[in-house]
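The numbering of the sequence shown is our numbering, which starts it at 1 and goes up by one. A quick write-up on the structure given underneath.
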Amino acid sequence: MTTYLIAGGCGFIGSNFVHFLLKRQPETKIIVVDNLGFAGNRANLDGVVDSITLEVEDICDFEAMTRVYQRHQPEVVVNFAAESHNDRAVATPSDFARSNALGCQNLLEVSRRNPVRRHVHISTIEVYGELGESQEWFNEASPLNAKTPYSAAKAAGDMFVRAYMQTYPEMDIMLTHCANNYGAYQFPEKLIPLVITNVLRGLKAPVYGDGLQKRDWLHVRDHCRAILAMIEATCGDIPAEAATDPSKLPIYDISARNELTNLDIVSQIIRLLGKEPSEWIEHVADRPNHDRRYLINPARIETELGWEPKVDFETGLEQTVRWYLDNQAWWAAILERSGSLQFDWSTT
Ligand SMILES: NC(=O)c1ccc[n+]([C@@H]2O[C@H](COP(=O)([O-])OP(=O)(O)OC[C@H]3O[C@@H](n4cnc5c(N)ncnc54)[C@H](O)[C@@H]3O)[C@@H](O)[C@H]2O)c1
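Here it is in structure tokens:
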């Protein structure tokens with residue numbers, strides 16, 4: 001029976017991973033660490049609270065995290081903890097630098113001083129920056145070229161991960177870059193749940209600018225399957241060539257090669273809710289410095305670990321809309337607590 005420490009386990013992807021893991025390995029011991037920040041939500045773990053231990057702590061706090069490691073002796077650490085909303089990062093970039101860069105390094109350091117079998121850091125497609133229209137995709141060998149406060153903070157975390165992989169080869173560290181996720185328990189400030197919860201409340205769906213920004217979408221369950229495949233895989237020694245070629249490091253890009261414009265997605269959701277997109281879409285001022293396009297190639301994880309996405313987008317989106325319809329109390333409580341989650345860039 002493995003003991004997992006899941007940092008950020010009260011957020012969207014972290015809580016999905018906790019539910020997923022408990023289904024796959026009911027006997028497993030799970031310690032969730034979360035500071036219950038803006039998007040952290042205890043209710044994401046409703047139904048499994050008796051099967052896990054929740055430690056309300058900040059990954060930036062070295063002493064507190066050391067105590068958590070010493071108390072629970074985790075074997076596998078998965079770090080989902082981060083500030084994750086691009087809009088909010090424009091408003092409060094320092095919060096993002098703290099959790100996403102310093103928090104990432106702090107947790108690596110706690111794992112170095114209290115050795116674990118494997119430390120997996122969850123990063124994002126966005127660290128590669130914006131993909132040009134004539135470019136095919138990014139992959140693990142692509143340079144980091146973050147240009148937004150969110151992606152810059154995540155990229156800074158990535159650089160620490162790569163530095164730890166190579167400086168402390170006795171540690172067993174893996175790094176992921178995943179496409180945009182969608183599914184249950186996503187905080188309703190993000191595009192898909194924002195559109196669903198707006199339309200269900202009789203409000204229009206905001207589309208930034210022309211809505212032709214392209215994103216690469218993966219169902220959160222497929223992301224969880226990829227992370228588990230990584231945890232179960234053997235991670236060999238870091239080869240000397242990794243010094244000049246990052247694709248030789250244990251880094252996996254995760255995607256379903258599913259590229260769609262924001263306008264497409266918003267229209268599909270509105271149709272699933274039985275409404276006419278032209279009547280429910282409102283084009284609003286775009287976020288400053290909004291990346292136009294992301295797409296990554298998952299060939300490495302497909303070839304080396306045999307992972308492939310299983311949820312097709314139409315089915316996944318329909319299930320997601322159904323989940324928000326069936327769980328109105330979950331998101332109504334968040335909206336009551338947080339107020340409007342829609343940013344208005346026309347006034348900034
Ligand atoms: N959502 C996506 O589409 C997506 C895609 C690729 C990668 N990622 C990455 O996956 C991870 C999880 O994303 P998410 O969408 O679930 O985000 P989320 O905002 O829903 O959840 C993040 C969780 O981390 C917690 N947290 C933040 N700072 C913390 C700190 N200092 N100490 C302890 N807990 C802290 C929050 O309270 C929250 O529960 C992030 O690292 C993100 O960069 C997300």
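Every residue gets a Cβ at the ideal spot worked out from N, C-alpha and C, and that includes glycine. As the structure is a prediction and not an experimental result, all values here were calculated from the model.
Between Ala-179 and Ile-296, the C-beta gap is smaller than 8 Å, which places the two residues in contact.
For Glu-83, the shortest separation between its Cβ and any heavy atom of ligand 1 lies below 7 Å. DSSP places Lys-190 outside any alpha helix (DSSP H), giving it a letter other than H or E. In the three-state reduction of the DSSP assignment, Arg-117 falls in the coil class, being assigned neither a helical nor a strand state. Looking at the DSSP output, Lys-29 sits in a beta bridge with Thr-3. Taking the CA atoms as reference points, Arg-300 sits about 19 Å from Val-220.
Contact annotation: Val-76 and Arg-118 have beta-carbon atoms nearer than 8 Å. DSSP places Ile-265 in the uninterrupted alpha helix (DSSP H) bounded by 262-272.
Val-127 is positioned such that its CB atom lies closer than 8 Å to that of His-177. In the DSSP secondary-structure assignment, Ala-81 is not bridged to any residue. Residue burial is scored here from C-beta neighbours: Arg-271 has fewer than 16 other C-beta atoms within 10 angstroms and is therefore classed as exposed. In the structure shown, Val-127 falls within a helical segment according to DSSP collapsed to helix, strand and coil. Asp-222: member of the alpha helix (DSSP H) spanning 220-232, first to last residue.
In this structure, the CA atom of Val-110 is about 21 Å from the CA atom of Ile-52. By the CB criterion at 8 Å, Met-171 and Arg-112 fall inside the cutoff.
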